[in-house]
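Enquirer: For reference, the structure I am asking about is given below.
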Amino acid sequence: MKKITLLLLGLLVMTNANADNNQYLPVLTEGKSWEVATIDNDFLSDTTGYYNISVGCDTIVNDLTCKKIEIVPKERGKNQMTAVAYEQDGKVWNVKEDGSMVLLFDIGIHLNDVIDGGCVVDYEDYILMNGIKRKRLIIDSHLDCKCENAFFYIVEGIGVSTDVWIPNLGIADVGEFCAMLSCSENGETIFTYKDFKMENEYVPLVREGVVWEYVGYRHEDENENVPQTYILYTLEFSGTTTINGQLYHNIYRTDYDDLGNAKEPYLAAYVREEDKVVTAIDNYDHYYWWDIPEVLYDFNRPMFLPDEAYYEYPNEAPFDYDNPSSVSMIQVEVGETLRGGYYIENEYSYHGDSFKTIEGIGVDCYFGDLLVPYRDYCTCENPLAGLSAVYENGELVYKGCKYDQAQQMKHKKEDVNCDGDVTLADVTALYDFLLGNISEAPASYDVNGDGIVTAYDITAIYNIILGIK
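Residue 248 in this note's numbering sits at position 231 of the sequence shown; the count goes up by one each step and never skips.
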């Protein structure tokens with residue numbers, strides 16, 4: 018009787034936490050089952066049998082709470098088999114009859130890790146299905162065969178697409194491997210073979226309804242009598258313009274004064290996106306410290322960096338991109354979507370800062386904004402800038418590196434007594450005015466911006482102190 022190369026252990030492997038410290042998605046849960054097929058590796062397409070593998074009840078082995086595994090062949094004449102597996106901290110063991118344990122898998126492996134005699138983690142990311150985020154690995158098994166079985170997928174909480182390398186439980190026939198057809202939970206199919214290759218939907222960068230918020234920074238210049246200052250500004254797409262027969266989206270910049278009031282928006286540039294490449298044309302009616310690059314992002318290439326990012330003058334660009342110290346693929350939850358990106362770190366950094374580049378978001382760093390990524394400068398008169406937040410349809414979906422500073426700047430208008438913080442002292446100042454102890458109220462006393470100073474402004478201060486606003 019042919020015996021199965023237990024895909025189970027591919028199916029049992031995925032219990033690692035996501036890179037952002039989410040909880041493990043355990044595999045050994047009662048009600049979980051898989052439909053699998055064994056295939057003769059010599060003929061590649063010769064299916065030798067179909068099986069249903071399910072997680073059963075608890076069993077105690079050497080004081081460990083393990084799970085019984087039932088393996089039921091669908092063909093008559095084949096015997097049902099059982100196994101025992103144990104799972105903890107992202108690791109899964111095969112518990113043998115004599116009580117010994119063999120480590121079958123550790124989901125803590127990452128990109129480029131070498132495992133099992135030459136198998137390499139070739140790709141690492143996350144996929145989002147039915148609102149559940151799962152880690153995914155693509156393994157290069159280095160097998161000398163003429164099909165895609167040299168590469169296979171492992172998905173957290175689900176298992177393996179084709180089991181050709183995970184140590185089996187000693188019940189497999191030589192020359193067989195196993196393919197997972199579907200995974201079910203309490204009788205409901207939650208994953209199929211085709212889902213292993215699922216691509217997260219690409220989210221374009223150029224789209225309306227999104228506001229990018231930045232904190233701009235200018236160095237103090239004694240010669241020009243310019244003090245060190247910060248400014249809050251936003252970038253937003255609105256409307257289109259045809260240039261040389263091509264449709265561009267208009268992107269506007271809005272600056273905010275010290276009290277958080279918006280100034281008149283102005284056209285900063287024209288931007289278009291085609292085949293995941295984002296290009297721009299300057300609006301030359303405005304003065305820029307640094308010209309906007311022609312190509313801003315290329316989401317088809319590694320790190321999403323265009324050729325312009327590899328700048329030949331290292332003192333005028335923050336990184337030596339040809340020699341990054343560390344490049345890590347990341348997946349970022351943005352609202353209800355999952356975006357791919359890269360975290361890039363370099364010991365030769367001009368500012369000593371690392372940065373992220375995220376699909377649909379752009380660059381998140383302390384130097385440059387959406388229109389001048391990977392530069393020491395940003396648009397207009399503020400040489401340095403950092404992303405504070407991204408809003409979609411009015412909802413906060415992403416917090417950037419300058420988020421906390423932006424929040425402090427926004428609350429500056431509620432700092433009634435201008436001592437740098439919003440406290441009960443600001444409430445006292447408002448009471449002094451309302452009780453007639455102060456004859457004239459400064460503009461900062463109108464906290465809610467309704468044009469007059471009343472008890473409603475005191476309520477607004479209390480809301481901020483209590484964290485309601």
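No residue lacks a Cβ here, since even glycine has one placed at the ideal position from N, Cα and C.
Measuring only the C-alpha atoms, how far is ASN203 from ASP106?
Expert: So the two alpha carbons sit approximately 24 Å from each other.
Enquirer: MET426 lies in the alpha helix (DSSP H); which residues open and close that run?
Expert: MET426 -> alpha helix (DSSP H) spans 420-427.
Enquirer: I'd like to check one pair, LEU404 with ASP381: are the Cβ atoms closer than 8 Å?
Expert: Cβ atoms of ASP381 and LEU404: closer than 8 Å.
Enquirer: Using 8 Å as the Cβ pair cut-off and three pairs as the minimum, do the stretch 87-106 and the stretch 64-76 touch?
Expert: Segments in contact, yes.
Enquirer: Does the beta-carbon of ALA334 have 16 or more other beta-carbons within 10 angstroms, so that it is buried, or is it exposed?
Expert: Low confidence applies to ALA334: its pLDDT is 49, below 50, so where it sits in the model is not reliable enough to give any reading.
Enquirer: Could you name the residues of the same chain whose beta carbon sits closer than 8 Å to that of ILE126, not counting the 5 residues immediately before and after it, in chain order?
Expert: The residues are ILE132, VAL138 and LEU154.
Enquirer: Taking the alpha-carbon positions, what's the ILE207 to SER201 distance?
Expert: Answer to the nearest angstrom: the Cα atoms are 5 Å apart.
Enquirer: Following the continuous alpha helix (DSSP H) through TYR41, name the residue where it begins and the one where it ends.
Expert: Segment: none, TYR41 is in no alpha helix (DSSP H) and carries neither H nor E.
Enquirer: Mark PRO356 as exposed unless 16 or more other C-beta atoms lie within 10 angstroms of its C-beta, in which case mark it buried.
Expert: As written in the sequence, residue 356 is Arg, which differs from the Pro given in the question. The residue is buried, with at least 16 neighbouring Cβ atoms inside 10 Å.
Enquirer: Rounding to the nearest angstrom, what Cα-Cα distance links GLN514 and GLU104 in this structure?
Expert: Because the chain here runs from 18 to 486, residue 514 falls outside it and cannot be looked at.
Enquirer: Going straight from the alpha carbon of VAL220 to that of GLU325, what length do you get?
Expert: Those two C-alpha atoms are separated by around 23 Å.
Enquirer: What distance in whole Å lies between the Cβ atoms of LEU128 and MET346, which are believed to be in contact at a cut-off of 8 Å?
Expert: Correct: roughly 6 Å between the Cβ atoms.
Enquirer: With C-beta atoms as the reference, is TYR269 less than 8 Å away from ILE298?
Expert: No. Outside cutoff.
Enquirer: Do VAL72 and CYS83 have their beta-carbon atoms positioned less than 8 Å apart in this structure?
Expert: No; because the gap between Cβ atoms is not below 8 Å, this pair is not in contact.
Enquirer: Apply the 10 Å Cβ neighbour rule to ASP463 and answer buried if 16 or more other Cβ atoms are within range, or exposed otherwise.
Expert: Buried, since its Cβ has 16 or more Cβ neighbours within 10 Å.
Enquirer: Could you check whether LEU198 and GLY377 sit closer than 8 Å to each other, using their CB atoms as the reference points?
Expert: The answer is no: Cβ separation not under 8 Å.
Enquirer: What residue range does the alpha helix (DSSP H) around ASN480 cover?
Expert: Taken as a continuous stretch (DSSP letters only), the alpha helix (DSSP H) holding ASN480 covers 472-482.
Enquirer: Determine the direct distance from the alpha carbon of LYS49 to that of PRO43, and round the result to whole angstroms.
Expert: One C-alpha to the other measures close to 10 Å.
Enquirer: Less than 8 Å between the CB atoms is what I'm expecting for ASN267 and GLY256, so what's the real figure, rounded?
Expert: Rounded, the Cβ-Cβ distance is 5 Å, consistent with contact.
Enquirer: With the cut-off set at 8 Å, would you say VAL232 and ALA402 are in Cβ contact?
Expert: Result yes, Cβ atoms of VAL232 and ALA402 sit closer than 8 Å.
Enquirer: Find the nearest neighbour of THR445 within the set ALA472, GLN424 and GLN425, judged by alpha-carbon distance.
Expert: Taking only the C-alpha atoms, the option nearest THR445 is ALA472.
Enquirer: Among the candidates TRP51, VAL407 and ILE475, whose CA atom is the shortest distance from the CA of THR251?
Expert: That would be VAL407, whose Cα lies nearest to the Cα of THR251.
Enquirer: So the beta strand (DSSP E) PHE194 belongs to, where does it begin and stop?
Expert: It spans 193-202 - the beta strand (DSSP E) in which PHE194 sits, taken as one unbroken run.
Enquirer: Which residue wins for smallest C-alpha separation from LYS373, given the options PRO319, GLU353 and GLN425?
Expert: Residue PRO319 is the option with its Cα nearest to LYS373.
Enquirer: How is the beta strand (DSSP E) around LEU284 delimited, first residue to last?
Expert: Residues 283-291.
Enquirer: Please name the residue, chosen from GLY358, TYR383 and ILE469, that lies closest to LEU322 on a Cα-to-Cα basis.
Expert: Among GLY358, TYR383 and ILE469, the Cα nearest to that of LEU322 is on GLY358.
Enquirer: Taking all protein chains shown into account, decide if THR246 is buried (16 or more other Cβ within 10 angstroms of its Cβ) or exposed.
Expert: Exposed, by the Cβ-count rule.
Enquirer: Counting along the chain, where does the alpha helix (DSSP H) carrying ASP274 start and finish?
Expert: Neither: ASP274 is in no alpha helix (DSSP H) and is coded neither H nor E.
Enquirer: Let me know if ALA196 comes out buried or exposed under the rule of 16 or more other beta-carbons within 10 Å of its beta-carbon.
Expert: Buried, because 16 or more other Cβ atoms sit within 10 Å of the Cβ of ALA196.
Enquirer: Run the CB neighbour count on GLN13, radius 10 Å, all protein chains shown included, and call it buried at 16 or more, exposed below.
Expert: The chain is shown only over 18 to 486; residue 13 falls outside these bounds and no answer can be derived.
Enquirer: Please classify THR55: is it buried, with 16 or more other beta-carbons within 10 angstroms of its beta-carbon, or exposed?
Expert: It is buried - the Cβ of THR55 has at least 16 other Cβ atoms within 10 Å.
Enquirer: Roughly how many angstroms lie between the CA atoms of ILE156 and ASN147, to the nearest whole one?
Expert: Taking the straight line from one Cα to the other gives about 24 Å.
Enquirer: Check the Cβ-Cβ distances between SER371 and every residue of chain B, and say whether any is below 8 Å.
Expert: Of the chains in the structure shown, none is chain B; there is only one protein chain.
Enquirer: Helix, strand or coil, according to DSSP, for PRO90 in the structure here?
Expert: In the structure shown, PRO90 sits in a strand (DSSP, three-state: E or B).
Enquirer: Run the CB neighbour count on CYS74, radius 10 Å, all protein chains shown included, and call it buried at 16 or more, exposed below.
Expert: It is exposed - the Cβ of CYS74 has fewer than 16 other Cβ atoms within 10 Å.
Enquirer: Decide if LEU121 is buried, meaning its Cβ has at least 16 other Cβ atoms within 10 Å, or exposed.
Expert: That one is buried.
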